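Trainee: Using the working numbering, the first residue of the sequence shown is number 394, and each one after it goes up by one. First the structure, then my questions, so here it is.
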Amino acid sequence: MSMSHINYNHLYYFWHVYKEGSVVGAAEALFLTPQTIT
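This is how it looks when you write it as structure tokens:
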């Protein structure tokens, strides 16, 4: 994926993964499935 394909949602998900410490934690916090984030 090139930088031109990154949008606000990608950055928002990345920040939540960092904040929660895991993809599963971020998914739960965002009420999404882990597959949506990855």
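Just so you know, even glycine gets a beta-carbon here, dropped at the ideal spot from N, CA and C. All values reported here derive from a predicted model rather than from experimental measurement.
Quick one: using the 10 Å Cβ neighbour count with 16 as the cut-off for buried, is residue 410 buried or exposed?
Mentor: With 16 or more Cβ atoms within 10 Å of its Cβ, residue 410 is classed as buried.
Trainee: Does DSSP classify residue 415 as helix, strand or coil?
Mentor: Residue 415: coil per DSSP, three-state reduction.
Trainee: Only counting the same chain, and skipping five residues up and downstream in sequence, which positions put a Cβ closer than 8 Å to that of residue 408?
Mentor: Cβ neighbours of residue 408 beyond the five flanking positions: none.
Trainee: Report the three-state DSSP secondary structure of residue 424 (helix, strand or coil).
Mentor: Looking at residue 424 - three-state DSSP - the assignment turns out to be coil, as it is neither helix nor strand.
Trainee: Is it buried or exposed, residue 419, if we count other Cβ atoms within 10 angstroms and call 16 or more buried?
Mentor: Under this definition residue 419 is a buried residue.
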